[in-house]
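All residue numbers for the sequence shown refer to the numbering used here, where the first residue is 1301 and numbers rise by one.
Note that CB positions come from ideal geometry on N, CA and C, so glycine has one too.
This structure is a prediction, so every number in the text was calculated from the model and none was measured.
Single-structure report; data block below.
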Amino acid sequence: MRPGRFPGRLLIFTALLLRLPWQWLRRKPDPERTRRVLILHQFLLGDALMATSLLAKARERFPKAEIVLACPPGQAPLYASRPYGIRPLPWQPRDFASIRRLFAEARFDIAYLMGENRLSFLARAIGARWIVGFAGETPRYKNWLLDEAVAYAGQPEAWTDTAARLIDGPEPQPFRLRDWPVAAEGLPPLPPRFVVLHVGASSATRFWPVASWNQVAATARACRCVVLWSCGPGEQHLLSAVELGPDDIVMAGTLSLAQLRAVLSRARACVCPDTGIAHLAKVAGAPLLMLFGPGSETLFGASRFFAGFACVGVGPAWFPCRNQRSVHYRDVDWALRCFRKFGDQAGECRQAQCMAALPAGQVAETLEKLLHE
């Protein structure tokens, strides 16, 4: 039986009732006196990695503070090398023991919510003295316990750069690999020149046709690179129809996130749909070619924070069903994307025409330019 949320919620709301009468005493901590900072989220991998800018800014803003990143258990090992000196703390709402670990922590002076204001109830329950989140999440009750609501960018901007706005002050310094050391333990032998083609994605609406992948693979081989095929656990069927070359390498869901990041750090390039592994390539410093169908290149492509590393996107600038304007349950006027689920029901995507519209020839040409830079 899947564990439930009830025990954790009971603990959270009991503690919350005891703390609410003292709400009127809260004050925003002085940055110079801030000693403990919590960054709290339950984001999927891609959104979490795009918010690396928030970790960087937290360290710059609070250089002497202990910074704790409370994140999903599957992501925590990725932060074992302590980027920006943060300490990862795995937790998830259905794991009562992990919620108790949060309660066992010493009180935090300030808590930052990456994008899920419902977590403000947990932050207040564990005693956070000040809670900061982005404004405008729906439904509105999720925002009730915020002490400070930060507006989204009013102009088109990468989510990576928006994430850093959560902390006041100037933008963080651009990402450097030395700020997040790459651990290379347990890696298989790798050729000196290889390109990662990651065919998996978090949604079937982002799958690219096999024939297109085969054409891009041929271009990589023509550029004297070994093709390393990659996908996530349970996605091996996506590789069943690709045309494997004699020197091709297949790593189908067999590596941990930390190992895959180490592989990406050695790659000449990575070609990937707009999904979590694309953003893993960013924090690995790999030259990246992203395939945009339902996603927004403005929101999820290149950014100021990752400006030191190549990131190019290919995809139609406009597509008729890419017409939804919500980001993390907030209406954002300038955002244009599609987050419909794949399926045959009303309101679902029956066929990812936006991905089929991505020209393989343009992707291959862009990859060739990336490899020659």
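- Every beta strand (DSSP E) of 3 residues or more that sits fully in the stretch 1324-1357 is shown, in chain order, as 1336-1340.
- Counting C-beta pairs with one atom in each stretch, the stretch 1374-1386 and the stretch 1437-1454 have fewer than three that are closer than 8 Å, which means they do not touch.
- Scanning 1479, 1408, 1409 for the CA closest to the CA of residue 1355 turns up 1479.
- Counting along the chain, the unbroken beta strand (DSSP E) around residue 1387 starts and ends at 1387-1390.
- Of 1627, 1490, 1610, 1598, the smallest CA-CA separation from residue 1551 is found for 1490.
- By the C-beta density criterion, residue 1621 is exposed, having fewer than 16 other C-beta atoms within 10 angstroms.
- Nearest in C-alpha terms to residue 1435, of all of 1428, 1429, 1455, 1414, is 1414.
- Judged by DSSP secondary structure, residue 1654 falls within the alpha helix (DSSP H) whose first and last residues are 1653-1656.
- Unbroken beta strand (DSSP E) runs of no fewer than 3 residues, entirely contained in the stretch 1443-1503, are found at 1448-1450, 1494-1498, following chain order.
- About 4 Å separates the beta carbon of residue 1411 from that of residue 1423, a gap short enough to meet the 8 Å contact definition.
- Scanning 1641, 1323, 1645 for the CA closest to the CA of residue 1652 turns up 1641.
- In this structure residue 1466 is not in contact with residue 1496, their Cβ atoms being roughly 31 Å apart against a cut-off of 8 Å.
- Bounds of the beta strand (DSSP E) holding residue 1588 are 1588-1591.
- Of the other Cβ atoms in all chains shown, fewer than 16 fall within 10 Å of the Cβ of residue 1455; this residue is therefore exposed.
- Residue 1516 is not a Cβ neighbour of residue 1404, given a cutoff of 7 Å.
- Counting along the chain, residue 1432 sits inside the beta strand (DSSP E) bounded by residues 1431-1434.
- Of the candidates 1549, 1619, 1322, 1419, the residue whose Cα lies closest to the Cα of residue 1312 is 1419.
- Between residue 1531 and residue 1499, the CB-CB gap stays under 7 Å.
- The alpha-carbon separation between residue 1323 and residue 1429 amounts to approximately 9 Å.
- The Cβ atoms of residue 1334 and residue 1362 lie closer than 7 Å to each other.
- Distance from residue 1502 to residue 1349 at the Cβ level is roughly 12 Å; contact not present, criterion being Cβ atoms closer than 8 Å.
- In this structure, the straight-line span from the alpha carbon of residue 1459 to that of residue 1614 is close to 18 Å.
- Of the residues assessed, residue 1417 falls on the buried side of the cut-off, its CB having 16 or more other CB atoms within 10 angstroms.
- Closest option to residue 1656, judged by alpha-carbon separation, among 1619, 1669, 1461: 1619.
- Assignment of residue 1529 by DSSP, reduced to helix, strand and coil, places it in the strand class.
- Three or more pairs of CB atoms, one per stretch, sit closer than 8 Å, so the stretch 1362-1375 contacts the stretch 1325-1340.
- Residue 1577 sits in a helix when the DSSP states are folded into three classes.
- Beta-bridge annotation (DSSP): residue 1412 is paired with 1339, 1432.
- In the DSSP assignment, residue 1312 falls within the unbroken alpha helix (DSSP H) covering 1306-1319.
- The shortest C-alpha to C-alpha distance from residue 1518 to any of 1606, 1321, 1546 is the one to 1546.
- Residue 1639 counts as exposed, since fewer than 16 other C-beta atoms from the protein chains shown sit within 10 angstroms of its C-beta.
- Residue 1563: member of the alpha helix (DSSP H) spanning 1557-1566, first to last residue.
- Taking 3 residues as the minimum length, the beta strand (DSSP E) runs contained wholly in the stretch 1596-1669 are 1611-1614, in order along the chain.
- Excluding residues up to 5 positions away in sequence, 1474 lie with their Cβ nearer than 6 Å to the Cβ of residue 1608 in the same chain.
- Per DSSP, reduced to three states, the secondary structure at residue 1544 is coil, with no helix or strand assignment.
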